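One structure is given below, encoded as structure tokens.
What follows is the structure in structure tokens.
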């Protein structure tokens, strides 16, 4: 499907254009109910967000608002999803996990010597932190797999050059799964903060008594010290608050999806539907 700015398309774009606005015709179309549609965004100098939208049929005719609403929703949900996928998600999947690998490995190396002299709580703290580290390490591999799958879906859409309902569904599902995976990781790290404090205090007090393992303890303490920094903890806690839209912990991806879907509907209503120019 090739998006063509025919004379009729150009005429309608200009008919709905306002003073000091720059129109932008999307380079791909949407297929809804066997009809191809184009999407036009209007921009104004000094504004970071579009100030208007116009949906056109591929022949350049302007559909009524009732017909245009589901079309602009498909365009914008898909566009925002792909933007997040190719930017934020692409960065997240490449974030280093060496610090988790080292914490896990140092703890595993030390536990055979330390567990006999640890109390029940400290042993549990060590195993809880190892579990968090394992989750973060394995999670990064899962993120890369999800990204590869999503990129394949995206390339298929780009090749045909029009968006169908399944495109939106597939990319959104991958984003929800990845968001929940990352949310759980940050949530676990927030929940394990007290354990980190106790482990740091225990290894610091025992550092001189662990003989040949002292160098490993020193390295572990350095990593735990980074974990204890107030700035790091505030960032993690804020990340959790930002994702928990209603201030409630998500037990599964479906609960997160429901909360995000409700929020996205509000954004569509306020920032897209409100400035749709179809009559």
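In my numbering, the protein residues as written are 3 to 281. Backbone N, C-alpha and C define an ideal beta-carbon position, used for all residues, glycine too. Bear in mind that the values here come from a model prediction, so they are computed numbers and not experimental data.
Considering just the uninterrupted stretch of the beta strand (DSSP E) at residue 25, what are its terminal residues?
Segment 23–27, the beta strand (DSSP E) holding residue 25.
Which residue from 104, 196, 268 and 269 puts its Cα closest to that of residue 138?
Checking every option, the nearest Cα to that of residue 138 belongs to 104.
Does the distance from the C-beta atom of residue 84 to that of residue 280 stay below 8 Å?
No; because the gap between Cβ atoms is not below 8 Å, this pair is not in contact.
List the DSSP bridge partners of residue 54.
In the DSSP output, where bridge partners are listed per residue, residue 54 has 44.
What is the DSSP secondary structure of residue 18, reduced to helix, strand or coil?
Residue 18: coil per DSSP, three-state reduction.
Can you tell me which residues form a DSSP beta bridge with residue 59?
BP columns for residue 59 point to 39.
Which whole-angstrom value is the C-beta distance of residue 95 and residue 146, which I expect to be below 8 Å?
About 5 Å; that satisfies the 8 Å criterion.
For residue 99 versus residue 37, is the C-beta spacing smaller than 8 Å?
Against a cut-off of 8 Å, the Cβ pair of residue 37 and residue 99 comes out as no contact.
With 16 other CB atoms within 10 Å as the buried threshold, where does residue 56 fall?
Its Cβ being crowded by 16 or more others within 10 Å, residue 56 is buried.
Thinking C-beta only, is residue 27 closer than 8 Å to residue 46?
No, these two residues do not count as a Cβ contact at 8 Å.
DSSP state of residue 278, grouped into three classes?
Looking at residue 278 - three-state DSSP - the assignment turns out to be strand.
Is it true that the CB of residue 127 sits closer than 8 Å to the CB of residue 200?
Yes, the Cβ-Cβ distance between residue 200 and residue 127 is below 8 Å.
Taking the straight line between their C-alpha atoms, what separation do you get for residue 277 and residue 269?
Going from the Cα of residue 277 to the Cα of residue 269 covers about 12 Å.
Tell me where the beta strand (DSSP E) around residue 79 begins and ends.
Run containing residue 79: none in the beta strand (DSSP E); it sits in the alpha helix (DSSP H), 67–86.
Are the region 167–182 and the region 104–122 touching by the rule of at least three beta carbon pairs closer than 8 Å?
No: the two stretches stay apart, fewer than three of their Cβ pairs being nearer than 8 Å.
Among all the DSSP beta bridges, which residues are the ones paired with residue 31?
Paired residue(s): 164.
If you follow the alpha helix (DSSP H) that residue 200 is in, where does it begin and where does it stop?
Taken as a continuous stretch (DSSP letters only), the alpha helix (DSSP H) holding residue 200 covers 195–208.
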